[in-house]
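Worksheet: the structure to be examined is printed underneath.
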Amino acid sequence: MPKLRKAVFPAAGLGTRFLPATKVMPKEMLALVDKPLIQYVVEEAVDSGIENVVIVTGRGKQALEDHFDISFELAQTLAERGKESVLKELNKVHNLAQFSYVRQKQALGLGHAVLVARDLVGDEPFAVMLPDDIVDAEEPCLKQMMAVYEKYQAPVIAVTQIDGPEISRFGVIAHEKIDEQTYKITDMVEKPPYQQAPSNMAIIGRYILTPDLFPILEQTGKGTGGEIQLTDAMKKLLAVRPFYACKFKGKRHDAGDKLGFLIATIEFALKRKEFSEDLRGYLKSLKL
Ligand code: G1P
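Right under this line is the structure:
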């Protein structure tokens, strides 16, 4: 299997779970502390060895392109004011990777968003990373998955354990356990009713996929929620090639959800040395 160089970031969604904040602002630009969600996920990709970032955008998502571009005026102003350390942080952003953009003209589902990136991905393996899912991990989640990909030379999906009815909000796998961190996938289903979920292992928004998925995606019709589902296409590919799941070490935050976003904000802020003491003190003072 060739080396994984490219990652696709579906970012054309309407952000309906986060209105009114996302009426004109892309949800991917919501910031945890001071960094937009999309940047956390792009950094995870780059820290895992990804060189090419493909962002699938849509109407009203111009801010994403601007964020990863050079901001000449801002850079010049910071330089004139001697704000060297801020300037350094700013320059890091556009130098993270090689960026390409493609538009998904209609929000037809995650599977469709991935298909739109087909020409930019070409005939090589690729990662798919959902900017709503922020994974706080010592070793980047995608890097953990790459180890599985390299060992088994096969597609890999990240999973996490979700107990209880909440499982029906995810893609869910059936599996055979290989070890604590690795499973061989035997089936998968998108958002099953709680009682019909094949396990408590939920798919989270990190995938390593092979280009033979594209012709399958092209043939995949609408599934759950009337959308073209990535899970449905992967299930078809599973019939012809093995798939693995990586139960990554780390904590996943659903930052596309208001409560999930608040929790992630607090946790990330507590990890920052400039805020941790004051914030901790403040939270304690609330005597909840
Ligand atoms: C998507 C996938 C689902 C996965 C989830 C992870 O669903 O379709 O299989 O479990 O992301 O966040 P969405 O949350 O976009 O509806």
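With our numbering, you'll find the sequence shown wraps up at 488, consecutive numbering, no jumps. All C-beta atoms in this analysis are idealised placements derived from N, C-alpha and C, irrespective of residue type, glycine included. What you are looking at is a predicted structure, and each value in this text was computed from that prediction instead of being measured.
Examine ligand 3 and report whether any of its heavy atoms sits within less than 6 Å of the Cβ of Leu310. Here the bound small molecules are ligand 1; ligand 3 is not part of this structure.
Note the first and the last residue of the continuous beta strand (DSSP E) segment covering Leu409. Counting from 1 along the sequence shown, the entry for residue 409 is found at position 209. For Leu409, the enclosing beta strand (DSSP E) has its first and last residue at Met401 to Leu409.
If you follow the alpha helix (DSSP H) that Phe141 is part of, which residue opens it and which one closes it? An answer regarding residue 141 cannot be provided, because it is not within the stretch 201 to 488 covered by the chain.
Let me know if Ser209 comes out buried or exposed under the rule of 16 or more other beta-carbons within 10 Å of its beta-carbon. Here residue 209 refers to the residue found at position 9 when the sequence shown is read from its first residue. Looking at the sequence shown, residue 209 is not Ser but Phe. The residue is buried, with at least 16 neighbouring Cβ atoms inside 10 Å.
What ranges does the alpha helix (DSSP H) occupy inside the segment 300-339, keeping only unbroken runs of at least 4 residues that lie completely in it? 310-316 and 318-321, all fully within the segment 300-339.
Would the beta-carbon of Ile270 be found less than 6 Å away from any heavy atom of ligand 1? Counting from 1 along the sequence shown, the entry for residue 270 is found at position 70. For ligand 1, no non-hydrogen atom lies closer than 6 Å to the CB of Ile270.
What are the start and end residues of the alpha helix (DSSP H) that includes Arg480? Counting from 1 along the sequence shown, the entry for residue 480 is found at position 280. Counting along the chain, Arg480 sits inside the alpha helix (DSSP H) bounded by residues Lys473 to Ser485.
Do Leu413 and Leu437 count as a contact pair if the criterion is CB distance below 7 Å? Taking the sequence shown and counting its residues from 1, the one referred to as residue 437 is at position 237. Taking the sequence shown and counting its residues from 1, the one referred to as residue 413 is at position 213. In this structure, Leu437 sits near Leu413, with a CB-CB distance shorter than 7 Å.
Does the beta-carbon distance from Phe299 to Leu409 come in below 7 Å? Looking up residue 299 in the sequence shown gives position 99. Looking up residue 409 in the sequence shown gives position 209. It is not a contact, given that the beta carbons lie outside the stated cut-off.
Assuming Gln372 is part of the beta strand (DSSP E), what are its boundary residues? As a working note, residue 372 is residue 172 in the sequence shown. Correcting the residue identity first, residue 372 is Val in this sequence and not Gln. Where Val372 is concerned, the enclosing beta strand (DSSP E) stretches over Gly371 to Asp379.
Taking just the CA atoms, how far does Asp247 sit from Lys343? As a working note, residue 343 is residue 143 in the sequence shown. As a working note, residue 247 is residue 47 in the sequence shown. Separation of Lys343 and Asp247 (C-alpha to C-alpha, rounded to the nearest whole angstrom) is 8 Å.
Backbone CA spacing between Ile357 and Ile403 [nearest angstrom]: Here the question's residue 357 lines up with position 157 in the sequence shown. Here the question's residue 403 lines up with position 203 in the sequence shown. Each residue's Cα considered, the two are about 7 Å apart.
What do you reckon, are the CB atoms on Val348 and Tyr444 nearer than 7 Å? Within the sequence shown, numbered from 1, the residue matching residue 348 stands at position 148. Within the sequence shown, numbered from 1, the residue matching residue 444 stands at position 244. Taking 7 Å as the cut-off, the Cβ atoms of Val348 and Tyr444 count as close.
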